[in-house]
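Residue numbers (the working numbering): 58 to 443. The structure appears below as C-alpha cells.
Encoded structure:
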C-alpha cells in the first residue's frame, strides 16, 4: 500500500489554515502552526479541485500560481471530498471530530445523508430522489463544534464569507462556515471585489472565498483537459490581479479542498449491477473512489471478503476500525461520529466503484476524487502578501 498517503495531523494540514491565519493576525486563542507572515487582515480563496500535482503539471497555464508554489503542499485529510474538506477547513478539525465523513454517509434515520444538499441520498427503489434533512437532522446538531469563524467573531474579528449566493442557509454552510457575514457572489468579479474589500477594512478582518468552476470542468471533461486548462488560466489571472491590489499588511492564501484523477467511465466497477458487492450490504455511501460500506448485522466479514476480491489490486479494502486505527479520519473519533463510518472502507488506487442506478451522473464523471493517492491528498498552499 505504498501508494496510500495517510493524512497528517502535524499542524500543517487543511484544518490548520484558518487558525494559523488568525494567529498571524494576532487574534487571541489561535496558534500559527503553518508559518504565515504577520498581517492585519487575511483572506483565504479555496479553489475547488486544484491539486498540487495538477498545478505542477500545468504550470504553464498558471504561471502566477506556479510562481507562488515555493513551499511544500498540505494534505487535506480523508476522504478527499468537498463536503469533508470544507468542514475540516471551517472547523479546524478532521472528519472524525466534525462528523462530515464523506460525500454520503449514514444518518440517524437509517439512510444516507448527502451533505452538499443536506438531503437523503436516493436508492434504486426510492419514489423521490432526495428529501431534505434540515429539519429532522439540523446541521448544528450533526456538527455541533464551534466553527473557526464563530470563534474569530467572538475574538473581535470582522469575518466575511464570499461564496455563491445559492449557498446561503444551506446545510453545509451552516455546518462548516457558520459565524461570518454572508456575502453572496455570482462571478469572479464580485468574488474578487469582496475579498479586496475585506482586506482593505480597518481590521482585523478575515474573508473566506470559494471558486468551484475548476472542479466542475474537471469532473465533466477530465482534469488537464482543454476546458479545465482554460479555467485554470482564468483563476491564475484572478489571483494575479488580487495580489497586485493587496493592501499593506494583508495576506491572501490560496488553497484547495482536494486534487483529482482521471477515471474512464467504461473501466469502473458497478456496485449496482455486481451481486457480490450487494450481498450482506445495508448501505453503500461515499463516492466512487472512497466507499463507506455498511453491512447487515453479522455480515461484516463476508462483505469485507467480497469487496476485497472484487476490487483486487485496484485499491485497498479495510474494516472501518482499521481505517480509524490508522488515523484516516483523524486522531480523534467522537462518539456520535463512529456510526457514520462504514463497517468496510474501500479506497481506490485506480478506477472507481460506481453506482449506475443510484448515482447515474456521478458514475459518468471523467474526473473523480475521494481516495488517498498523492494526486488527491496534496493541495497547494499559496501565499501572497501586501
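The beta-carbon is built from N, C-alpha and C at its ideal position, and this holds for glycine as well. Note that the structure is predicted; figures quoted are calculated from it, not measured.
Check: Can you tell me whether DSSP reads residue 433 as helix, strand or coil?
Finding: In the chain shown, counting from the first residue as 1, residue 433 sits at position 376. Helix, per DSSP.
Checklist line | Nearest neighbour of residue 101, chosen from 172, 128 and 220 [CA to CA] | finding: Numbered from 1 along the chain shown, position 44 holds the residue referred to as residue 101. Closest by alpha carbon: 220.
Notebook entry, point to check: Once you ignore the five residues that flank residue 443 on each side, which residues in its own chain have a CB closer than 6 Å to its CB?
Noted result: Locating residue 443 in the chain shown gives position 386, counting from the first residue. 303, 304, 305 and 307.
Notebook entry, point to check: For residue 368, which residues from the same chain have a beta carbon less than 8 Å from its beta carbon, with the 5 sequence-adjacent residues on both sides left out?
Noted result: Position 311 of the chain shown holds residue 368. Excluding residues within five positions, the ones whose Cβ falls inside 8 Å are 326, 374, 403, 405 and 410.
Note to self: Run through the DSSP bridge pairs and tell me what residue 352 is partnered with.
What the structure shows: Taking the chain shown and counting its residues from 1, the one referred to as residue 352 is at position 295. Partner(s): 338.
Next item on the list: Locate the beta strand (DSSP E) running through residue 169, then write down its first and last residues.
Entry: Position 112 of the chain shown, counting from 1, holds the residue named residue 169. Element bounds for residue 169: 169-171.
Item checked: Uninterrupted alpha helix (DSSP H) stretches inside the stretch 364-421 (no shorter than 4 residues) -> Complete alpha helix (DSSP H) runs here, min 4: 377-382 and 417-420.
Notebook entry, point to check: Who are the Cβ neighbours of residue 300 in its own chain at under 6 Å, not counting the five residues just before and after it?
Noted result: Walking along the chain shown from the start, residue 300 turns up at place 243. Only residues of its own chain outside the window of five on either side were considered, and among them 441 have a CB closer than 6 Å to the CB of residue 300, listed in chain order.
Note to self: Per DSSP, what are the beta-bridge partners of residue 96 in this structure?
What the structure shows: Taking the chain shown and counting its residues from 1, one reaches residue 96 at position 39. DSSP output for residue 96 lists no bridge partner at all.
Checklist line | DSSP three-state assignment for residue 67, whether helix, strand or coil | finding: Against the chain shown, residue 67 aligns to sequence position 10. Reduced to three states, the DSSP call for residue 67 is coil.
Check: By DSSP, does residue 200 sit in helix, in strand, or in coil?
Finding: As a position in the chain shown, residue 200 is number 143, starting the count at 1. Coil, per DSSP.
Item checked: Close Cβ partners of residue 390 (< 8 Å) along its chain, the five nearest in sequence each way excluded -> Within the chain shown, numbered from 1, the residue matching residue 390 stands at position 333. So the list reads 153, 154, 381 and 398, once near-sequence residues are dropped.
Notebook entry, point to check: Does the Cβ of residue 200 have 16 or more other Cβ atoms within 10 Å, making it buried, or fewer, making it exposed?
Noted result: In the chain shown, residue 200 corresponds to position 143, counting from 1. Buried is the call here.
Notebook entry, point to check: On the premise that residue 130 lies in contact with residue 438, defined as a C-beta separation below 8 Å, what is that separation, rounded to the nearest angstrom?
Noted result: Along the chain shown, one-based indexing puts residue 438 at 381. Along the chain shown, one-based indexing puts residue 130 at 73. The beta-carbon distance between residue 438 and residue 130, rounded to whole angstroms, is 7 Å. This is short enough to meet the 8 Å contact definition.
Item checked: Euclidean distance between Cα positions of residue 184 and residue 177 -> Mapped onto the chain shown, residue 184 falls at position 127. Mapped onto the chain shown, residue 177 falls at position 120. Model confidence at residue 184 stands at a pLDDT of 42, short of 50, so the residue's coordinates are unreliable and nothing is read from them.
Next item on the list: Evaluate contact between the stretch 169-176 and the stretch 119-136, counting only Cβ atoms and requiring at least three cross-stretch pairs below 8 Å.
Entry: Result no; under three Cβ-Cβ pairs closer than 8 Å.
Notebook entry, point to check: DSSP three-state call for residue 218: helix, strand or coil?
Noted result: The count along the chain shown starts at 1 and reaches residue 218 at position 161. In the structure shown, residue 218 adopts extended strand secondary structure according to DSSP, grouped into three states.
Checklist line | Option in 359, 143, 278 and 107 with minimal Cα separation from residue 321 | finding: The residue you call residue 321 lines up with position 264 of the chain shown. Of the listed residues, the one whose Cα sits closest to residue 321 is 278.
Notebook entry, point to check: If you follow the beta strand (DSSP E) that residue 223 is part of, which residue opens it and which one closes it?
Noted result: For the purposes of this step, residue 223 is taken as residue 166 along the chain shown, with counting starting at 1. It is not in any beta strand (DSSP E) - residue 223 carries neither H nor E in the DSSP assignment.
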